[in-house]
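Asks: Order-wise, the sequence lines are chains A and B. No gaps in the numbering here: position 390 of the first sequence is 390 in this note's numbering, and each next residue is one more. In this note's numbering, each residue's number is its place in the second sequence (first place is 1) plus 1000. Cβ atoms here follow ideal geometry from the backbone N, Cα and C, with glycine treated the same way.
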Amino acid sequence: MGKWRLIKNSVRFAFRAKRRWITFVIIFAFLSAFITFFAGVFNMYSTDELLEQKGFYIKANGYGSVTDAQAQSIFTDISSLSQVESVALFRYFDLGDYIRVFGVDPDFKWAFREAKPSLITDGRYIHSLGDAVVSQNATIKADVGTFPGNISVSLQKGDILHFENPTTTFELKVVGEINDRIVAPDKLRIFITNDDFESLHADFGASTPIYCYSMAVLVKGDLYAPFNSDIYDNMNALDDPSEPLFLLTENLAFGDWLDPDYAIPDTVKKDRASRFLYFIFGMVGGILLTILYNFLIVWFRRREIAVLRAMGYEKGEIRINLLGESLTISIVGYFVGILAIVIYFWTQQMTFTNQLLNLWTLLISFGIVVGLTVPGLLLSSFSFVRVSPVILFKAR
Amino acid sequence: MGDQIIKTEKVTKIYKRGRSEIVRALDKVSLEINAGEILMIIGPSGSGKTTILNCLSGLDTVTEGKILFNTSRAGEGFKIIENKKNKEESSRKKSSNFIDITTWNEKQLTAYRRHNIGFVFQAWELIPTLKAVENVESSLYTSRIPSSEIREKSIKLLRKVGLIDKEYAYPDQLSGGEQQRVAICRALSKEPRIVFADEPTGNLDSDSGNQIMRQMKIISREGAAVVIATHNMELRKFADRIIKIHDGQISF
Ligand SMILES: Nc1ncnc2c1ncn2[C@@H]1O[C@H](COP(=O)(O)OP(=O)(O)OP(=O)(O)O)[C@@H](O)[C@H]1O
Ligand SMILES: [Mg+2]
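This is how it looks when you write it as structure tokens:
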């Protein structure tokens, strides 16, 4: 069919205008990298920077200072505060002398400041039942005879942790290693989902108590609404030693907590505002760029357009030709931009577990880049009509 | 004559230049174009040659007069798209095969050019990013003919004008004469009824110019009318018929 052939050819031939093509691919690559960078930064609001954006993080004063029951009751009280959106508890229990097991709710993994996914050094974070993440360079120790811990085996991604007692067995697969910030010398730290945590405790650790390690409190408010000050107001409302959040943590009936650590509302607000501003500049710049680009394309190719019109190409058919080139450039430019980021990270030896290049960032920035080209495409698909074939009869 | 493809009746084209100045680029031009002939329109610079070609091919509108196209000689696949204006007209003149293209809108004119008209320009106007054979094919990309068939046909045409082993060269790797031959093949690949050529040899030395004209001759022998506009009197020897034009008025 003619149309399909036109689409195919418009893409194929777009690559042939080398200098023009490369120039614009590079420009689009820069734009894409810029947009991706910002999409990544904004993505961090709900991930790596979640606590810095809208959270209070409260740690227990030390080993065993907050019991599970105390944690559950402060959880209930804080959850009921009107400014609070959600509360997450991070709990642990000891399995024997050498293993400390931490339970994480995968929905709140980013609120676990000492063991959030960006601290993974190898493999991935826990997603589902049966997954386990172990602290970096972990070793399993065992006592032999009278010498405590004198046998050790190192643990790596891919290893299976097999628990067995006379009535039941339990298996966890090590899916990643994490450079966690929890200070517990001589303990192998294992991070698993809360559900596994409960079963493992019930079957193998029932004799040892569950304690609370820390609690994250997130306030209400939309991270992606630059002109909405809910987060700011809610943070301010709680950020006061006379407020219930502080009073509850100071009440020893709820255990022995350290002072809350929290995002500074003013700084965060300013930071968000300026990032959004840069982002908007980027978008406006991008739109102008694609408009300019499409304008130039019609100008560069005007004799070609005139020839096609003289030949009897319909407007829609010429449009396909122009769109083919524009879309190819913006899509290739996008991937070149991403590749540039990857190469940059690679040369800087940074790890890719960070949030800059996660799936959502990529999807969103791709959508934005393709979306930015729309005004330009519209412009070109209207402006080419003004190219009259009559110019062909005039000598160059 | 049944061989007429186009005939014009008192076509006048007036350009406005600035506020008040009027240029009568064509003044009551009546002519006909017959199948299988080389019709040469000769006149000095500014006499209106290009303007005639523009009007006959529907690239430009006329101010007054009629351009009648013989639908019984239309190219394959050509269908008259009717609009209100020419519906009345065609019912009025049921007996005749001639339809006035000056009543057509842009869509109709596009279809008209697509199936009936080929162009050869002074500056060749090959698409620089397409290889020679692709340039020839480009006028068929919008058709329903399978790609392999188009390729075969285009290569055959290129061979016919003596471009052997240059099918896959880009325009800037070809000489002017070679480029013009590619352009001729491009004009011919869709088997047009008329080829309009505006100074086709204008950018060439006389040897390659003559070669181009011989190619034109061959084309016309296969049934297409070739209309050549030029100021070069030396080309007269290649014409079957000559129309002289001066200040927008023609004489035979
Ligand atoms: N768009 C226009 N606006 C105003 N005047 C025009 C326009 N196009 C052509 N003319 C005038 O119409 C007349 C005929 O022009 P045309 O281009 O047909 O000449 P020509 O015979 O093709 O000349 P040449 O041999 O130099 O190409 C000229 O006087 C020209 O100045
Ligand atoms: Mg001219």
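(1) Which of the three DSSP states, helix, strand or coil, is assigned to S400/A?
(2) Less than 6 Å separating the Cβ of G1046/B from some heavy atom of ligand 1?
(3) Going by C-alpha to C-alpha distance, which of G282/A, F197/A, V104/A and P226/A sits closest to P209/A?
(4) Just to confirm, is the Cβ distance from D1205/B to A1229/B under 7 Å?
(5) Rounding to the nearest angstrom, what Cα-Cα distance links Q348/A and K18/A in this structure?
(6) Tell me the start and end of each unbroken beta strand (DSSP E) in the region 1051-1128 of chain B that is at least 3 residues and wholly inside, in chain order.
(7) Can you find a CB in chain A that lies within less than 7 Å of the CB of R1024/B?
(8) Taking 6 Å as the cut-off, is the beta-carbon of I1244/B closer than that to any non-hydrogen atom of ligand 2?
(9) Under 7 Å between C-beta atoms, does F13/A make it to chain B?
(10) Whole angstroms is fine: what's the gap from F42/A's alpha carbon to Q136/A's?
(11) Using a beta-carbon distance below 7 Å, is A115/A in contact with chain B?
(12) Curious, which full-length alpha helix (DSSP H) runs of at least 4 residues does the region 233-288 of chain A contain?
(13) If you drop the 5 nearest sequence neighbours on each side, which residues of the same chain put their C-beta closer than 6 Å to that of T121/A?
(14) Which residues in the same chain have their Cβ closer than 8 Å to the Cβ of K1156/B, if we skip the five residues on either side of it in sequence?
(15) Specify, as a first and last residue, the run of the beta strand (DSSP E) that M1040/B falls within.
(16) Three-state secondary structure (DSSP) at D143/A?
(17) DSSP three-state call for M1001/B: helix, strand or coil?
(18) How about W4/A: is its C-beta nearer than 7 Å to some C-beta of chain B?
(19) Compute the distance between the beta-carbons of T1051/B and S1030/B, then report whether it is under 7 Å.
(20) So with CB distances below 9 Å, who are the chain A contacts of S1175/B?
(21) Inspect the beta-carbon positions of A29/A and A263/A and report whether they are closer than 7 Å.
(22) May I ask which residues mark the beginning and end of the alpha helix (DSSP H) holding L1158/B?
(23) When you compare only the Cα positions, how much space is there between I74/A and V284/A?
(24) May I ask you to report which of helix, strand or coil DSSP gives A60/A?
(25) Please state if the CB of K54/A and the CB of I318/A are separated by a distance shorter than 7 Å.
(26) Just to confirm before moving on: does the CB-CB distance between V133/A and I126/A stay below 7 Å?
(27) Going by beta-carbon coordinates alone, are D94/A and R100/A separated by less than 7 Å?
(28) Verify the contact flag: K1028/B, CB atom, against every heavy atom of ligand 1, threshold strictly below 6 Å.
(29) Output yes if chain A places a C-beta closer than 7 Å to the C-beta of S1047/B; else output no.
(30) Note down the Cα distance separating G1223/B from V1195/B, rounded to an integer number of angstroms.
(31) Cβ atoms of G1048/B and I1245/B: under 7 Å apart, would you say?
(32) Are there three or more Cβ pairs, one per stretch, closer than 8 Å when the region 293-305 of chain A is compared with the region 1099-1117 of chain B?
(33) By the three-class DSSP mapping on this structure, what secondary structure does I231/A have?
(34) Distance check for F13/A and L172/A, CA to CA, integer angstroms please.
(35) Could you check whether the Cβ of L172/A sits closer than 7 Å to any Cβ belonging to chain B?
Replies: Short version:
(1) This structure cannot speak to residue 400/A, because chain A is shown only from 1 to 396.
(2) Yes - ligand 1 has a heavy atom lying nearer than 6 Å to the Cβ of G1046/B.
(3) Minimum Cα distance to P209/A is reached at F197/A.
(4) Note that the C-beta distance between D1205/B and A1229/B is not below 7 Å.
(5) For Q348/A and K18/A, the distance between alpha carbons rounds to 31 Å.
(6) DSSP runs (the beta strand (DSSP E)) wholly in the region 1051-1128 of chain B: 1064-1070, 1098-1100 and 1117-1120.
(7) No, no contact with chain A.
(8) The displayed chain sequence assigns Lys, not Ile, to residue 1244/B. Every heavy atom of ligand 2 is 6 Å or more from the Cβ of K1244/B, so no.
(9) Yes, because at least one Cβ of chain B sits closer than 7 Å to the Cβ of F13/A.
(10) F42/A and Q136/A have their C-alpha atoms some 29 Å from each other.
(11) Not a single C-beta of chain B is nearer than 7 Å to the C-beta of A115/A.
(12) Under the rule that a run must span 4 or more residues, the alpha helix (DSSP H) segments found entirely inside the region 233-288 of chain A read 244-250.
(13) Cβ contact annotation for T121/A (same chain, cutoff 6 Å, sequence separation greater than five): Q136, E177 and N179, in chain order.
(14) Within the same chain, and ignoring the five residues on either side of K1156/B in sequence, no residue has its Cβ closer than 8 Å to its Cβ.
(15) Taken as a continuous stretch (DSSP letters only), the beta strand (DSSP E) holding M1040/B covers I1038 to I1042.
(16) D143/A carries a strand assignment under DSSP once its states are collapsed to helix, strand and coil.
(17) Low local confidence applies: a pLDDT of 46 at M1001/B is under 50, so the model's placement there is unreliable, with the coordinate-based value given in what follows. The three-state reading of DSSP puts M1001/B in coil, since its state is none of H, G, I, E or B.
(18) No, W4/A does not count as interfacial toward chain B.
(19) Inclusion of T1051/B and S1030/B in the CB contact set at 7 Å is not warranted, their separation being larger than that value.
(20) None at all; the shortest Cβ gap to chain A is about 17 Å.
(21) No, they are not a contact pair.
(22) Looking at the DSSP string, the run of the alpha helix (DSSP H) that includes L1158/B is S1147 to K1160.
(23) Cα to Cα, the separation comes out at about 47 Å.
(24) For A60/A, the three-state secondary structure derived from DSSP is strand.
(25) No, Cβ-Cβ distance for I318/A and K54/A is not below 7 Å.
(26) Against a cut-off of 7 Å, the Cβ pair of I126/A and V133/A comes out as a contact.
(27) Result yes, Cβ atoms of D94/A and R100/A sit closer than 7 Å.
(28) In terms of side-chain proximity, the C-beta atom of K1028/B is found no nearer than 6 Å to any non-hydrogen atom of ligand 1.
(29) No, S1047/B lies away from the interface with chain A (no Cβ there is under 7 Å from its Cβ).
(30) The C-alpha of V1195/B is placed about 11 Å away from the C-alpha of G1223/B.
(31) Closer than 7 Å, so yes.
(32) No: fewer than three Cβ pairs fall under 8 Å.
(33) I231/A falls in the helix class under three-state DSSP.
(34) Cα-Cα distance, rounded: 54 Å.
(35) L172/A does not count as touching chain B.
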